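Taking it in order: structure first as structure tokens, then the write-up.
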């Protein structure tokens, strides 16, 4: 233990790395979406997930709901929590979008070609990278495999979707030697405007992007490996029909160096240390919009730079205890500015995020205790310190517009959690847990300056005096696994104090032309968020699988009103028939109406119910020498039903009928 | 690959350190910005008076602009030594052909540190068709300087004349110099009553209500502190500029709940 801490401290910036190990986390509050890598035999997803968009993969994961502003870069929320309330990381690395209008959640800067899997944690587990009160989404990067059976292997794919004239081509190639391996991957995607039901064109919904990644793995010796990761992601001319501006370009550069020590025979099981640097450069653009829709031309560039590292270690204390320790530290710098060009008069300039910086350092300690063959307890804590400041003179000057005090501030936050899993038999298990968590306000919530939110049509101003948001979270669930049917039912309740939300500042006048006013981030006394998910997997006969994923959440504020961004009951049901190398799937996606809204306080309107149907057929062709072709044909929204979901900004209709062709060559 | 990564990592750290240095420099610069050392006064002109005194006229800038203008007078004897006990008076005059008028001013006082007689003139209009002169009298003998008064930059207005609802004529001017920045700024104004062509009286009896407005966007700004009277016709407050650009400061001069004058000052930075 001492040794671990010592090594961790020496590395100064660091985390421990071990491959997915179920014993370490409460499996029941953990969900993985596998994209590449090791698959179960005959898993139909093995080739199709690589061709799916991140947005699609996230939106079909129970517990995740996406905020939609266009046909690109949807923003994930977890169980009714979003933005600063959740952690989103890439391979455990912090990265922050640069856009003030939340156009670039970091999920938009990775592609399935980069990823091994997407991991969702709905509760703290000792591996989290920040003190969030909600869950965490981590995009695990695909690593080159040393000593693979094939020296050269890979996948090449292409896809076309009729609705938005959407093309994509992708490729991933791995070269594997005895001591090292290299993986490179790339993807190009381009789409025109998409069409909602009845061929209604949604203007400004186009996008174009490419993404390339590389991973080099080198085995130093039996137990030590190093990895180098680099990803470059560039999007251009991206339309956001729900917003007043589009995006000229959105670029991200992601790099990491990782050292991994692993020894399955030693009590000191593993140590992973990662150093990372990433940079996001984002520019909004309104020049493609018709002039009558643009009251004033503006340039709104923003940058975000994050660097840091983590070190995590796993230690087998005894056959019954596994200890995990993680240290991490990082710094994030945000800069966002706006230049406005009126038809008459001089140009205007302001900072919308006045050069904020945050330095964070934290430690996680958790223990997994196998009490007996039936009971497993996991408990631990995270402590974190955040130092925030404004780094430039003009930034500090800007802050004086709404705040008299010192820009610099230090906050402490963290969480403590305990989770129990009890298996009555191999087939029946129950689980439950409780955690107390705090999160600091984000840099936007602290220093933001007239950040426009289209949902409630208000400009938002930060609040340096805002208090940490705290929550007491409980979860409970039951899992049944029989040979033909598996059922999981999970419930959660999240009781907040100092819930952070925007409240109207009556004396302020809005900066954005056409906005309804100004809000400032404020704590409200309390809020309550409850909900759950029910998943069902049923195999009535060998070739047929019935799947059902249902989720619901419900949130109220201190006045008994309804919280915003809360998805209604949603159900995704499918029946799949597999025969030899064929697979046919019919899917129903439906949501109930969301009438639990507080229009006056939060600006949200109600959303009607919808039901859509999808159809999909896959064929897997096995070729000689371990090669294969995977072909897929989908019809999405078969009945061309007009619909939108509750978290869709401005209630812009989603895609109507869409024919999808995809093929992947595996070698 | 390795190199790229190392380079990017190194450059990131370099980046940080560079930026810090720059910031420090700028903050030092701005801390001196407020007070102007005497060496920075610019010589406008110099004349010999009949009583053998050399009178040198200085201002903050070689180019004199409409509005509030600090004036610095240096009086020297024939040996070139500064004279500290002269009686110095200013008399600005606008010759408009048909008529002549003066302007609001503050008569100079000797500043023993800087060794200048420091006063102020508010030039209420630019030279152009007509011309400004400034008579400087030292110990009873006066010299006349021709003053070229330039208009303020386009889309700015630093001084304005208004006829109040009480029928009187008022001059409202922005006190300079100003070093505007985004955020909170100290701001001062002067109010004079135009009693006659030659007499301008500083007014201290008003309550001033200030509302800044971004003219091209139509929005205001929060947290402004309306100027309050400081004596001698001065009003001081704080203005919040949330961005750069064209700002209009709407100033209502209120006396016993009646708005006597609705003035405006236009600023561009």
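Residue numbers (my numbering), protein chains in the order written: chain A, 1 to 667; chain B, 668 to 936. Backbone N, C-alpha and C fix where the C-beta goes; we use that ideal spot for every residue, glycine too. Keep in mind it's a predicted model, so treat the numbers as computed, not measured.
Taking 9 Å as the CB threshold, residue 754 of chain B stays off the interface with chain A. Note that the C-beta distance between residue 279 of chain A and residue 258 of chain A is not below 9 Å. Taking the C-beta atoms as reference points, residue 540 of chain A is found nearer than 9 Å to residue 546 of chain A. With fewer than 16 other Cβ atoms inside 10 Å of its own Cβ, residue 780 of chain B counts as exposed. From the listed residues A/76, A/105 and A/166, the smallest Cα separation to residue 659 of chain A is found for A/166. With fewer than 16 other beta carbons inside 10 angstroms of its own, residue 821 of chain B counts as exposed.
Going by C-alpha positions, residue 817 of chain B is about 54 Å away from residue 106 of chain A.
Only residues of its own chain outside the window of five on either side were considered, and among them 172, 664 and 666 have a CB closer than 6 Å to the CB of residue 155 of chain A, listed in chain order.
Residues of the region 879-907 of chain B with a C-beta less than 8 Å from any C-beta of chain A: 881, 882, 883, 884, 885, 886, 887, 888, 889, 890 and 907, listed in chain order. Excluding residues up to 5 positions away in sequence, 255 and 307 lie with their Cβ nearer than 6 Å to the Cβ of residue 277 of chain A in the same chain.
DSSP, read as helix, strand or coil, puts residue 289 of chain A in coil.
Residue 453 of chain A is classed as buried because its beta carbon has at least 16 other beta carbons within 10 Å across all chains shown. Taking 9 Å as the cut-off, the beta carbon of residue 479 of chain A is found no closer than this to the beta carbon of residue 485 of chain A. Under DSSP, residue 321 of chain A forms a beta bridge with A/318 and A/369.
Shortest Cα-Cα distance from residue 769 of chain B to any of B/804, B/785 and B/863 involves B/863.
Checking the DSSP bridge columns, you'll see residue 172 of chain A partnered with A/155 and A/185. According to DSSP, residue 620 of chain A shares a beta bridge with A/630.
Separation of residue 213 of chain A and residue 64 of chain A (C-alpha to C-alpha, rounded to the nearest whole angstrom) is 26 Å.
Residue state for residue 646 of chain A is assigned as coil, using DSSP reduced to three classes.
Residue pairing by DSSP places residue 51 of chain A in no beta bridge whatsoever.
Annotation for residue 281 of chain A: 251 and 303 place their beta carbon closer than 6 Å to its own, counting only its chain and skipping 5 residues before and after. Take the alpha-carbon of residue 294 of chain A and the one of residue 791 of chain B: they are about 40 Å apart. Between the alpha carbons of residue 477 of chain A and residue 215 of chain A lies a gap of roughly 38 Å. Judged by pairs of C-beta atoms under 8 Å, the region 93-113 of chain A does not touch the region 365-375 of chain A, as fewer than three such pairs exist.
Closest in alpha carbon position to residue 221 of chain A, among A/146, A/345 and A/229, is A/146. Under DSSP, residue 508 of chain A takes part in no beta bridge, so it has no partner.
For the C-beta of residue 822 of chain B, the chain A residues within less than 7 Å are, from N- to C-terminus, 345 and 346. Under the three-state reduction of DSSP, residue 454 of chain A is assigned to coil, being neither helix nor strand.
Listed along chain A, the residues sitting closer than 9 Å to residue 935 of chain B by beta-carbon distance are 345 and 346.
According to the DSSP secondary-structure assignment, residue 748 of chain B is paired through a beta bridge with no residue.
Residue 394 of chain A: not part of any beta strand (DSSP E); member of the alpha helix (DSSP H) spanning 393-399, first to last residue. In the three-state DSSP reduction, residue 149 of chain A falls in the coil class, being neither helix nor strand. Within the region 628-642 of chain A, no residue places its CB atom closer than 7 Å to a CB of chain B. Residue state for residue 599 of chain A is assigned as helix, using DSSP reduced to three classes. With fewer than 16 other Cβ atoms inside 10 Å of its own Cβ, residue 412 of chain A counts as exposed. Here the alpha carbons of residue 893 of chain B and residue 275 of chain A stand approximately 52 Å from one another.
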